[in-house]
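Residues in the sequence shown are numbered consecutively from 88, following our numbering.
Each residue gets a CB set at the ideal place from its N, CA and C atoms; glycine is no exception.
In this text, all values refer to a predicted model and were calculated from it rather than measured experimentally.
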Amino acid sequence: MSSGESERIAICCVLLDVMKAMGAEDDIEACRHYQSLKGKMNIADSDFEQARSASVLSSLVVLKGMHYNKKMLLALTVCDFYSGYTHVPLNFRIAFETLMNAIEWPISFSEILTISRTE
């Protein structure tokens, strides 16, 4: 498996986990920043299928070594999911910051939300 393929599957695994935690299989295509992430990473439906059998922990290890531009797009995409709430629950904010720390991209939810709104 190439590094690009393992990164795509890892991203999809994390996104699937985020959607599951929210209690909905939301349409990822509706997320504003997902289109940029999808284009940069060349994500296909088959990557999501492979991600269903991947481990979130091993995915975090892969994402840890990913380029910071890709980490930022992942952060913005996750923020898009969460910002659908009028008031984002504390557990989602903590989950976001835990994810970012795990992949060594220490940005707070407040910071990414500000960036997301200015784009």
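Taking all protein chains in view, the Cβ of glutamate 94 is crowded by 16 or more other Cβ atoms within 10 Å, so the residue is classified as buried. With at least 16 other beta carbons inside 10 angstroms of its own, alanine 97 counts as buried.
Under the three-state reduction of DSSP, alanine 162 is assigned to helix. Assignment of glutamate 191 by DSSP, reduced to helix, strand and coil, places it in the coil class. DSSP places methionine 153 in the coil class of the three-state scheme, outside both helix and strand. By the CB criterion at 8 angstroms, serine 123 and leucine 150 fall outside the cutoff.
Between valine 105 and the set Glu184, Lys157 and Met153, the nearest pair of CA atoms involves Glu184. Of Glu206, Ile202, Ala182 and Ser197, the smallest CA-CA separation from leucine 102 is found for Ala182. Selection Leu200, Ser145, Pro176 and Leu163 evaluated against alanine 189 yields Ser145 as nearest (Cα-Cα). Beta-carbon to beta-carbon, cysteine 99 and alanine 138 are separated by about 4 angstroms, close enough to satisfy the 8 angstroms threshold. Using a Cβ distance threshold of 8 angstroms, lysine 157 and methionine 128 count as a contacting pair. Considering only Leu186, Ile202 and Phe179, the residue with the shortest C-alpha distance to leucine 147 is Leu186.
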